[in-house]
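Worksheet: one structure, shown below.
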Amino acid sequence: MFLQLLKHHWLKGVRSPGFHKNLLVNIFVGLVALYFIALFIVIGFFLPEILEEIAPEIDPAHVFNGTLLFIAMVILFARFLFQPLSTIHIQSYQHFPIKRGKLINYLLVKPLLNPINYLSLCFAIPFAVSGMAPTFGAGGAFRFAWITVFLVWFNTLFASFLKRKLGVNIVVILTFIVLLAGLGALEYFKIFSLFTLSAQLFNLLIGSPFGWIAVLVFSSIAYFLNRWFFARNYYPESFEKTAKKENIDKQSFSFMERFGNIGDLLSLQMKLILRHKRTKGALYMTLFFLFYGLIFYPFEVYRKPGYLMFTAIFITAIGMIMFGQWIINWNGTHFDFLMTKKISTRTYIRMNYFFLLSLSVVSFILTTPYFFFGREIVIYHLVAILYNIGINTHVYLFGATYSAKRLELAQGSAMNMQGVGYKNFIVIIPLLVVPMLLIGIFSLFSATNIALTVLAIIGLLGIVFTKQLLEVTEKQFLKRKYLLCENFRMKE
Amino acid sequence: MIQATNLTKVYGGITVLDIPHISIANGESFGLVGNNGAGKTTFFRLILDLIAASSGEVLIEGEKVVRRDEWKSKVGSFLDEGFLIDFLTPDEYFNFTGKIYGRSEGDMAAFLKSMQGLFNDEIMGKGKLIRDLSKGNQKKVGIAAALLPDPQVLILDEPFTALDPTSQIRLKRMLNELQAARNMTMLISSHDLNHVTEVCSRIVVLDKGVVVRDIETNEDTLKELESYFAV
Chain A
137 MFLQLLKHHW LKGVRSPGFH KNLLVNIFVG LVALYFIALF IVIGFFLPEI LEEIAPEIDP
197 AHVFNGTLLF IAMVILFARF LFQPLSTIHI QSYQHFPIKR GKLINYLLVK PLLNPINYLS
257 LCFAIPFAVS GMAPTFGAGG AFRFAWITVF LVWFNTLFAS FLKRKLGVNI VVILTFIVLL
317 AGLGALEYFK IFSLFTLSAQ LFNLLIGSPF GWIAVLVFSS IAYFLNRWFF ARNYYPESFE
377 KTAKKENIDK QSFSFMERFG NIGDLLSLQM KLILRHKRTK GALYMTLFFL FYGLIFYPFE
437 VYRKPGYLMF TAIFITAIGM IMFGQWIINW NGTHFDFLMT KKISTRTYIR MNYFFLLSLS
497 VVSFILTTPY FFFGREIVIY HLVAILYNIG INTHVYLFGA TYSAKRLELA QGSAMNMQGV
557 GYKNFIVIIP LLVVPMLLIG IFSLFSATNI ALTVLAIIGL LGIVFTKQLL EVTEKQFLKR
617 KYLLCENFRM KE
Chain B
111 MIQATNLTKV YGGITVLDIP HISIANGESF GLVGNNGAGK TTFFRLILDL IAASSGEVLI
171 EGEKVVRRDE WKSKVGSFLD EGFLIDFLTP DEYFNFTGKI YGRSEGDMAA FLKSMQGLFN
231 DEIMGKGKLI RDLSKGNQKK VGIAAALLPD PQVLILDEPF TALDPTSQIR LKRMLNELQA
291 ARNMTMLISS HDLNHVTEVC SRIVVLDKGV VVRDIETNED TLKELESYFA V
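For the protein sequence lines, the chains are A and B, in the order given. If you want the numbering used here, it's the 1-based position in the first sequence plus 136. If you want the numbering used here, it's the 1-based position in the second sequence plus 110.
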């Protein structure tokens, strides 16, 4: 039965109109996934060396175990926010003599079979070999890998339980943030050390031959919490309710059918870039500016926090700087099409968000060779990408609603300034100047690390509140829509 | 199907449209005529939520259109080249529009077949971008895309201008057939009194934004309109 349901789910995905046709999107997603797999494997192998450099007096395996509990909590939070609840179209199966328990079981176990959830093994297995084996022996390394799998199970199941029970709302999100920040503060002020607790716990679990059973027990508890929830709340209406709510989310945030229209719109955007002189010119400029870091990074003179932050954000956000502000203008010539055909405002805004997000991720990936200039650069780039994704994408998207001039894309080159106004430069302030000033000022008091942490946290908060920020932009867009329509109709 | 109440549009102190009340029934073919600047396109843009009304509102099936998305799945429309995506080929454009409305490949094939007469073998598979097509062919592409989702309401602004005589006659026939077979509600504006009286069962004349005639089409309608405009 389970396999049958799974097969139906698979067929539904493969046969959805979005699947085959979104080749471009699928290839892109595939490449990004490959990149991360490779990255995880490399990090897994070299993490012991890095940890040894950071904390030479402690065994790298112990350092890692010390942070593991915190990492698991952060991942739980991320899963709680972003992991879609698995659903089943109950009506199609209700009239068959299938036991409820089987359907519930299917819902719970399905996500555990999703390969994406095991991405962390790409890190855990190399690390087990290079980091765990020297301390705990081959058996320990083996147990570590299994414990990782059980932790994934626990996190996946427990996150969906929390999501089903509490729902994603501001109060829960804030509770999570306060909890995580609180643990960090307790550690910092040496009141309570989660690190020590975590290190002792996992040293024990990995070290003893049957420690993994304890983790498995926790996963089972998470599983039974879900069963308990369904036992109390399972009647068709409530089932439908979650399913319905999910469908709205799916329109935008999930793969396959969730990517449906957004994927189509994204490939339209790609065609737009490649078929117009001006946008193609901007694309070449973007690639050219990626080398901008070479002017600063190799020279000791420019190794000052302010400069580094400026350069890091500039090159990791270059795609957005070149394209971001005009994402709505570009659609000027076919704006009436987009506004009258069956494309909801939400889908349109999210498509633009995904476009900016992809630009940030691609720029970040293309700039990874700069990591050879040292650990400092790695940290600056990581902070920059968090800030870009959390804040800059939204600033640009919001700002784009103010660019209401019709652009003549077919003519002119990248340096064509037609349709560029002072507003296009105001956006640069939150984008580049704020982080640069923040870092610059803090570095005067030799507190650069605090400024970096603050920027990273601001970025993370932006990511956590993505949905809310997008809703703000949606409202703004609806306010500006008529003006945009009108201006885009006026030819120069 | 469509109701407008107290609908006005004012541009810089000048009222370009003022419709106290108008109601278009389900399955009605509604013809809109009037000289340039009479407010025909403005009326259509208000229905499609492309401009903000100065007062009043438009309802489609009892739901407001302002800043909503629901009506978009019921209405097919083509007003001008802003409804085209000029950097695509017609094939890509129909394909894209089909995806937005979730059409299957079978639906698309059937749809393109039904358009063969109108296209006259000049549109599909030519590898030309829409921006390089003639005005007439661009118009055909736009009209076809409006019909693609098999809408309950069809809104076309001057569909006959720029078309060659054969295409005009074919389009007329197609609209009449759609009306009879699907009971589609149609809103069509035109400068050509002949065509519009042949397609529409109700003709509304706009002058400076005000409805001056609202007639059920009969044998005398064409004469009546001709005498009205012959000033």
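Each residue gets a CB set at the ideal place from its N, CA and C atoms; glycine is no exception.
**Request:** Assuming B/A114 and B/V168 form a contact by the criterion Cβ under 8 Å, report the distance between their Cβ atoms to the nearest whole angstrom.
**Result:** Yes, B/A114 and B/V168 are in contact; Cβ-Cβ is about 5 Å, under 8 Å.
**Asked** To the nearest angstrom, how far is it from the Cα of B/L117 to the Cα of A/K413?
**Response** The alpha-carbon separation between B/L117 and A/K413 amounts to approximately 42 Å.
**Prompt:** Which residues, in chain order, does the stretch 395 to 425 of chain A contribute to contact with chain B at a C-beta distance below 7 Å?
**Reply:** Result list: N397, D400, L404, K407, L408, R411 and H412.
**Run of the alpha helix (DSSP H) containing B/G186, from where it starts to where it stops** = B/G186 -> not in any alpha helix (DSSP H); beta strand (DSSP E) instead, spanning V185 to F188.
**Span separating the alpha-carbon of A/V122 from that of A/L574** = Because chain A here runs from 137 to 628, residue 122 of chain A falls outside it and cannot be looked at.
**Item:** Sequence-distant residues of the same chain with beta carbon closer than 8 Å to B/T295, five excluded per side
**Value:** Same-chain partners within the cutoff: M111, I112, I134, A135, N136, G137, E138, S139, F140, Q262, V263 and L264.
**Request:** State the Cα-Cα distance for the pair A/A587 and A/V437, rounded to the nearest angstrom.
**Result:** When rounded, the distance between both Cα atoms is 21 Å.
**Message:** What would DSSP say about B/G200, mapped onto helix, strand or coil?
**Reply:** First, the amino acid is wrong: residue 200 of chain B is Pro here, not Gly. Reduced to three states, the DSSP call for B/P200 is helix.
**Prompt:** So what's B/A148 in DSSP terms, helix, strand or just coil?
**Reply:** In this structure, B/A148 counts as coil in the three-state DSSP scheme.
**Request:** List the endpoints of the continuous beta strand (DSSP E) containing A/Y438.
**Result:** Counting along the chain, A/Y438 falls outside any beta strand (DSSP E), and DSSP gives it neither H nor E.
**Message:** With three or more C-beta pairs closer than 8 Å as the rule, is the stretch 482 to 500 of chain A touching the stretch 561 to 570 of chain A?
**Reply:** Per the Cβ contact rule, the stretch 561 to 570 of chain A is not in contact with the stretch 482 to 500 of chain A (fewer than 3 Cβ pairs under 8 Å).
**Item:** Where B/T271 falls: helix, strand or coil (DSSP)
**Value:** Annotated three-state conformation of B/T271 is coil, per DSSP.
**Request:** To the nearest angstrom, report how far apart A/L221 and A/I211 are at their CA atoms.
**Result:** Looking at the backbone, the Cα of A/L221 and that of A/I211 are separated by about 16 Å.
**Prompt:** So which of A/T203, A/L187, A/L204 and A/G202 has the shortest CA-CA distance to A/P196?
**Reply:** Cα-wise, what sits closest to A/P196 is A/L187.
**Prompt:** Taking the C-alpha atoms as reference points, what is the distance between A/L355 and A/L287?
**Reply:** Note that residue 355 of chain A corresponds to Ser in the displayed sequence, not to Leu. Cα to Cα, A/S355 sits roughly 7 Å from A/L287.
**Prompt:** Cβ of B/L316 within 9 Å of Cβ of B/L189?
**Reply:** Cβ atoms of B/L316 and B/L189: not closer than 9 Å.
**Request:** Go through its chain and collect everything with a Cβ distance to A/T469's Cβ below 6 Å, but skip five positions before and after it.
**Result:** Answer for A/T469: no residue qualifies.
**Prompt:** Run through DSSP, which three-state label would A/K477 get?
**Reply:** Collapsing the DSSP output to three states places A/K477 in coil.
**Asked** At a Cβ threshold of 9 Å, is A/I676 touching chain B?
**Response** The structure shown does not extend to residue 676 of chain A, since chain A spans only 137 to 628, so no value can be given for it.
**Distance, A/G455 Cα to A/Y420 Cα** = About 10 Å.
**Item:** beta strand (DSSP E) segment containing B/Y121, residue limits
**Value:** Annotation for B/Y121: the continuous beta strand (DSSP E) segment containing it runs I112 to Y121.
**Asked** Of all the residues that make up the stretch 463 to 496 of chain A, which are near chain B by a beta-carbon distance shorter than 7 Å?
**Response** The stretch 463 to 496 of chain A vs chain B, Cβ under 7 Å: T469, H470, F471, D472, F473, M475, T476, K477, K478, I479, S480 and T481.
**Asked** Who are A/I195's beta bridge partners in DSSP?
**Response** Reading off the sequence, residue 195 of chain A comes out as Asp, not Ile. DSSP links A/D195 through a beta bridge to no other residue.
**Asked** Are the beta-carbon atoms of A/V168 and A/V497 separated by less than 9 Å?
**Response** The answer is yes: Cβ separation under 9 Å.
**Asked** Taking three-plus beta-carbon pairs below 8 Å as touching, is the stretch 200 to 211 of chain B in contact with the stretch 230 to 241 of chain B?
**Response** Contact between the stretch 200 to 211 of chain B and the stretch 230 to 241 of chain B is present: 3 or more CB-CB pairs across the two stretches fall below 8 Å.
**Message:** Strictly below 8 Å CB to CB, what residues from chain B border A/Y622?
**Reply:** In the sequence as displayed, the identity of residue 622 of chain A is Glu instead of Tyr. Here the neighbours are I161.
**Request:** Measure the C-alpha to C-alpha separation of A/P233 and A/L239 and round it to an integer number of angstroms.
**Result:** For A/P233 and A/L239, the gap between their C-alpha atoms comes out near 11 Å.
**Asked** Among A/A367, A/F508, A/M137 and A/L492, which residue has its Cα nearest to the Cα of A/G429?
**Response** The shortest Cα separation from A/G429 among A/A367, A/F508, A/M137 and A/L492 belongs to A/F508.
**Request:** Tell whether a beta-carbon distance below 9 Å holds between A/F473 and B/F339.
**Result:** No, the Cβ-Cβ distance between A/F473 and B/F339 is not below 9 Å.
**Request:** Closer than 9 Å by beta-carbon distance: list the chain B residues that pair up with A/Y618, in chain order.
**Result:** Within 9 Å Cβ-Cβ: D159, L160, I161 and A162.
**Request:** Using the DSSP secondary-structure output, state which residues sit across from B/L316 in a beta bridge.
**Result:** Paired residue(s): B/V321.
**Proximal chain A residues relative to B/G192, where beta-carbon distance stays under 8 Å** = Within chain A, the residues whose beta carbon sits less than 8 Å from that of B/G192 are T469, H470, F471, D472, F473, F624 and R625, listed in sequence order.
**Request:** Indicate whether A/I513 and A/Y443 have their beta-carbon atoms separated by less than 9 Å.
**Result:** Taking a C-beta distance under 9 Å as the contact criterion, A/I513 and A/Y443 do not qualify as a contact pair.
**Message:** Check whether chain B comes within 9 Å of A/N383, counting only Cβ atoms and requiring the distance to be less than that.
**Reply:** Confidence in A/N383 is poor, its pLDDT being 41 and thus under 50, which makes the residue's placement unreliable; the coordinate value appears in the next sentence. By this cut-off, A/N383 is not an interface position.
**A/T503 in three-state terms, based on DSSP** = Of the three classes helix, strand and coil, the one that applies to A/T503 here is coil, per DSSP.
**Within chain A, the residues that B/K182 reaches when beta carbons sit closer than 8 Å** = Chain A residues near B/K182: T476, K477, K478, I479 and S480.
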